[in-house]
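In what follows, a single structure is set out as structure tokens and then discussed.
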Amino acid sequence: MHRTLITPASGPASGPASGPASGPIPPHTPAPPSGRSCRPLRAAAALGAGGLLLTGCGSGAAPAPGSQDDLKARLPKAVKAAGVLKIGSYLNYPPVDFKDSSGAPEGLDPELAKALGTTIGVKVEFTDMPFEKLIPAVRSKQIDLAMSAVIDTKQRQLGAADDGHQADAGVDFVDYFGSGTSMVVKSGNPLSLSSLESLCGRGVAVQRGTVQDELATRQTAACLRTGKQLQIHRFDTDEQALAEVASGAAAADLNDYPVAQYNTTQPGRAGTFQLASTNFLQAGPYGITVAKDNTALRDIIAKALDEVIHSGEYDRILAKWNLHRGSVSSAVVNGGL
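For the sequence shown, my numbering assigns the number -19 to the initial residue and increments by one for each residue that follows.
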């Protein structure tokens, strides 16, 4: 697992990341900033094995007088002593979480984390790990938070397994973005797909351990009742899931709206994929994930998020990544269904 420490510094914000790519499913390649200028991220000092101290861009207003000191004073002792929030993320999910050309965390979540760190008065350190490892890492206190397009659901709050039994202690969420599941299909939507029901008798690609994996699993029973089996193709990365659609082995890829939209609009992909519908198959907010017994940190994050929203920095971050549709007006704790 790779750890990166991010220290926000003042300066104007950069433009959206995009760039040329080749092949049927080209990888994300960030382009130089457009519009407003921004000092590039640069390595400053080693932080031990796999660690890197980075200086990034920030454009938000300074925290209100006294606010930063108050939030920092209320932090759990271990976090306060370290001066660092340890955040886990799966950094291969643009435009929400990914790495720029230098290997530094980039996207909606890393930028919002930097803004939260500035508001609280601490650095933020990202650890790149598989998505399905994030919630267990939060519960075991390996990391303080998970910020990785984790959808807040009652099932995750309660620690319930798919069959309803108690699997673990669950986690809490501070909701910060309104998302939902979208369906990515081949350009032209040749199979006229628009709903989960329309997938019955076909194959669907999902990323392992996601809400989309859970959604497809529940749909298999409904499809069997119609006599048409839904085949679920599970992958570790979204790139693999998209490749399954491009090859025709799967009819669709289920993904979060920001990533689905991104995958259909990037250069080299616009003629390969499209959204089957502008409607969500299932709505659900992204939540900053916190251990159930760490209510002090949860409430500090919620307060800091409200300050970032009210300062205007939140809207600037969403605008940079063209994610206005998911904006929220305030932090909500455990708002998922």
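Where a beta carbon is used, it is the ideal one built from N, C-alpha and C, also for glycine.
All values reported here derive from a predicted model rather than from experimental measurement.
{"Item": "Is L322 buried or exposed, if buried means 16 or more other CB atoms sit within 10 Å of its CB?", "Value": "The structure shown does not extend to residue 322, since the chain spans only -19 to 317, so no value can be given for it."}
{"Item": "Determine which residues share a DSSP beta bridge with H213 and list them.", "Value": "A185"}
{"Item": "Please look up how many angstroms separate the CB atoms of T161 and L195, rounded, as I've assumed it's under 8 Å.", "Value": "6 Å"}
{"Item": "Please work out which residues of its chain come closer than 6 Å, Cβ to Cβ, to A53, disregarding the five sequence neighbours upstream and downstream, and give them in chain order.", "Value": "none"}
{"Item": "How about P85 and F106: are their beta carbons less than 8 Å apart?", "Value": "yes"}
{"Item": "So is K121 buried or exposed if we call it buried at 16+ other beta carbons inside 10 Å?", "Value": "exposed"}
{"Item": "Using CA coordinates, which residue listed in I123, R305, A299, V102 is at the minimum distance from A61?", "Value": "V102"}
{"Item": "Taking the alpha-carbon positions, what's the T197 to L234 distance?", "Value": "12 Å"}
{"Item": "Do A226 and G183 have their CB atoms nearer than 8 Å?", "Value": "no"}
{"Item": "Using a Cβ-Cβ cutoff of less than 8 Å, which residues in the same chain neighbour R318 once the five nearest sequence positions on both sides are dropped?", "Value": "No statement about residue 318 is possible, as the shown extent of the chain runs from -19 to 317 and does not include it."}
{"Item": "According to DSSP, is L125 part of a helix, a strand, or is it coil?", "Value": "strand"}
{"Item": "Go ahead and pull the three-state DSSP assignment for V288.", "Value": "helix"}
{"Item": "Between which two residues does the alpha helix (DSSP H) harbouring P90 extend?", "Value": "88 to 100"}
{"Item": "Among T258, S257, Q241, which one has its Cα closest to the Cα of A250?", "Value": "Q241"}
{"Item": "Let me check understanding here. Comparing Cα to Cα, which of D273, Q209, T133, L125 lies closest to G97?", "Value": "L125"}
{"Item": "Just grab the DSSP bridge partners of K79 for me.", "Value": "P85"}
{"Item": "Rounding to the nearest angstrom, what Cα-Cα distance links G68 and T190 in this structure?", "Value": "15 Å"}
{"Item": "Expressed to the nearest angstrom, what Euclidean distance is found between the alpha-carbon atoms of P56 and F253?", "Value": "46 Å"}
{"Item": "Strictly under 8 Å for the Cβ-Cβ distance: is N259 near chain D by that measure?", "Value": "Looking at the structure shown, chain D is missing, and only one protein chain is on hand."}
{"Item": "The alpha helix (DSSP H) that contains T245, what's its start and end?", "Value": "237 to 245"}
{"Item": "Can you tell me whether A232 is helix, strand or coil according to DSSP?", "Value": "strand"}
{"Item": "Comparing alpha-carbon positions, which option in H213, G144, N243, V118 lies nearest V76?", "Value": "N243"}
{"Item": "Whole angstroms are fine: how far does the CA of S82 sit from the CA of Q262?", "Value": "35 Å"}
{"Item": "Can you tell me whether P170 is buried or exposed, with buried defined as 16 or more other CB within 10 angstroms of its CB?", "Value": "exposed"}
{"Item": "Among I280, R214, G207, which one has its Cα closest to the Cα of Q48?", "Value": "I280"}
{"Item": "Expressed to the nearest angstrom, what Euclidean distance is found between the alpha-carbon atoms of L222 and D50?", "Value": "46 Å"}
{"Item": "Run through the DSSP bridge pairs and tell me what S159 is partnered with.", "Value": "G264"}
{"Item": "Can you tell me whether A26 is buried or exposed, with buried defined as 16 or more other CB within 10 angstroms of its CB?", "Value": "With a pLDDT of 32 at A26, under the threshold of 50, the modelled position of this residue cannot be trusted; read the value that follows with caution. A26 is exposed by the Cβ-count criterion."}
{"Item": "If you count every other CB in all the chains shown that lies within 10 Å of the CB of T99, and 16 or more means buried, which is it?", "Value": "buried"}
{"Item": "Are S159 and G315 closer than 8 Å when you measure CB to CB?", "Value": "no"}
{"Item": "What would DSSP say about G306, mapped onto helix, strand or coil?", "Value": "helix"}
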